[in-house]
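Colleague:
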Amino acid sequence: MTPSKLLTVLAAAIIMQFTTAGTSGAGSTGHEHEVHWTYEGETGPERWGDLKPEFSACKAGHSQSPIDITGAVKTDLPAMETRYGDTTLRVINNGHAIQANYDKGSYAVIGGKRYDLLQFHFHGPSENTVEGKAFPLEGHLVHKSEDGKLAVIGILYKEGKENKTIGAVWENVPHEQGTEKAAKDEKINAKGIMPEAMAYYHFDGSLTTTPCTEGVSWNLLKTPVEISAKQIEEFRKYYKNSARPVQPLHGRVVNVSN
Ligand SMILES: [Zn+2]
């Protein structure tokens, strides 16, 4: 093989690898024929429930997320425990959110039940609002119990000083959508994106993205965490609006810990 021919073959191999990585990355959610949904326009939140029969909860559900938190009832909620170890920094831009996948072994105890931490991701502006007020960014720590129940710990962000952990996440967002980038030498801890105070609002809700599955335990921390204006701006470069509008309560009660 001539050197130039060898180069061509190598280039083709590299391109193929890229294409395959892109496809398998996007398909790693396990849906070959994934229905396209967005935060605006024809396939926006008002239409999610009609895009696919499996998404019907988005329009027919009665405990949908996010919500506006107003008139929360003070309750003796059990303290939430978070046992979060460090994780290798593994970031993915899945086309709907910037997400950091978490190494196994970290968990939270919510309402006396253990939920393993799977990943955290961000929405901007915030999805849940408090007394009608939205925040520039909201983080979701997604957990799953052994029996398959989901619990989210939500964090609200307000403009202020820079957050180091979020800085590390933003710096490692892969260029290619749907592919995970691992910063092998860098460890982060979910504690770095959370407030110290663990007072929280608790309510029943759903996934805030399709298929809007209900039965999710929502636990939104009361104390906002600061991030810099620059960090908010950086996030907006990826997602101008990735917040589902607030949904009706349908008689649900929001509790707030003492
Ligand atoms: Zn979310």
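Throughout, the working numbering is defined as the position within the sequence shown, counted from one, plus 62. No residue lacks a Cβ here, since even glycine has one placed at the ideal position from N, Cα and C. Here the structure is a predicted model, which is why all the values come from computation and not from measurement.
Can you list, in chain order, the residues of its chain with a C-beta nearer than 7 Å to that of L203? Leave out the 5 residues immediately preceding and following it.
Modeller: The residues are L179, F182, V214, I215, A252.
Colleague: In this structure, what does DSSP give as the bridge partners for H183?
Modeller: DSSP output for H183 lists Q161, H202 as bridge partner(s).
Colleague: Spatial neighbours of P307 within its chain, please: CB distance less than 7 Å, with the 5 preceding and 5 following residues excluded, ordered by chain position.
Modeller: P107, listed in sequence order.
Colleague: Say the cut is 7 Å; is the CB of H202 nearer than that to a heavy atom of ligand 1?
Modeller: For ligand 1, at least one heavy atom lies less than 7 Å from the Cβ of H202.
Colleague: State the beta-bridge partners of K136 as determined by DSSP.
Modeller: In the DSSP output, where bridge partners are listed per residue, K136 has V318.
Colleague: Is G216 helix, strand or coil by DSSP?
Modeller: Three-state result, G216: strand.
Colleague: Cα separation between V318 and N234?
Modeller: Computed Cα separation, rounded: 35 Å.
Colleague: Does any heavy atom of ligand 1 sit closer than 7 Å to the C-beta of T100?
Modeller: No, the Cβ of T100 stays beyond 7 Å of every heavy atom of ligand 1.
Colleague: Is DSSP giving M78 helix, strand or coil here?
Modeller: In this prediction, M78 has a pLDDT of 38, which is less than 50 and means its spatial position is unreliable; what the coordinates show is noted afterwards. Reduced to three states, the DSSP call for M78 is helix.
Colleague: What is the residue span of the beta strand (DSSP E) that K246 lies within?
Modeller: Element bounds for K246: 242–250.
Colleague: Determine the extent of the alpha helix (DSSP H) in which V231 is found, giving its start and end residues.
Modeller: Counting along the chain, the alpha helix (DSSP H) containing V231 begins and ends at 226–233.
Colleague: Note the first and the last residue of the continuous alpha helix (DSSP H) segment covering A209.
Modeller: Inspection of the sequence shows that residue 209 is occupied by Asp rather than by Ala. It is not in any alpha helix (DSSP H) - D209 carries neither H nor E in the DSSP assignment.
Colleague: Sort out for me which residues DSSP pairs T191 with in a bridge.
Modeller: Answer is D130.
Colleague: Does the distance between the C-beta of T105 and the nearest non-hydrogen atom of ligand 1 fall short of 7 Å?
Modeller: Result no, Cβ not under 7 Å from ligand 1.
Colleague: Please state whether DSSP places F117 in a helix, a strand or coil.
Modeller: Correct three-state label for F117: helix.
Colleague: Going by Cα to Cα distance, which pick from M142, E116, A159 is closest to N303?
Modeller: For N303, the nearest C-alpha among the options comes from A159.
Colleague: Which word fits N320, buried or exposed, when buried means at least 16 other C-beta atoms lie within 10 angstroms of its C-beta?
Modeller: Classification of N320: exposed, given that the 10 Å Cβ count is below 16.
Colleague: F265 bridges to which residues according to DSSP?
Modeller: F265 is bridged to W280.
Colleague: How big is the Cα-Cα spacing for L69 and G123?
Modeller: Because the pLDDT of L69 is 46, which lies under 50, any placement of that residue in the model is unreliable, and the number read from its coordinates should be weighed accordingly. Between L69 and G123, the C-alpha separation is close to 56 Å.
Colleague: Tell me whether the beta-carbon of V192 lies closer than 8 Å to the beta-carbon of I131.
Modeller: Yes, Cβ-Cβ distance for V192 and I131 is below 8 Å.
Colleague: Near Y101, which residues of its chain fall below 6 Å by C-beta distance, leaving aside the five closest residues on each side in sequence?
Modeller: Only N303, S304 meet the Cβ criterion.
Colleague: On a CA-only basis, which of G111, S188, I250 is nearest P128? Give me that one, please.
Modeller: Nearest C-alpha to P128: S188.
Colleague: Work out the CA separation of V135 and A244 for me, nearest whole Å.
Modeller: Their Cα atoms are separated by approximately 42 Å.
Colleague: Given the structure, does T270 come close to ligand 1, in the sense that its CB is under 7 Å from one of the ligand's heavy atoms?
Modeller: Because some heavy atom of ligand 1 lies under 7 Å away, the Cβ of T270 counts as near it: yes.
Colleague: Work out the CA separation of L282 and V315 for me, nearest whole Å.
Modeller: Going by the C-alpha atoms only, they are around 14 Å apart.
Colleague: With 16 as the cutoff for other CB atoms within 10 Å, does V231 come out buried or exposed?
Modeller: So V231 ends up on the buried side.
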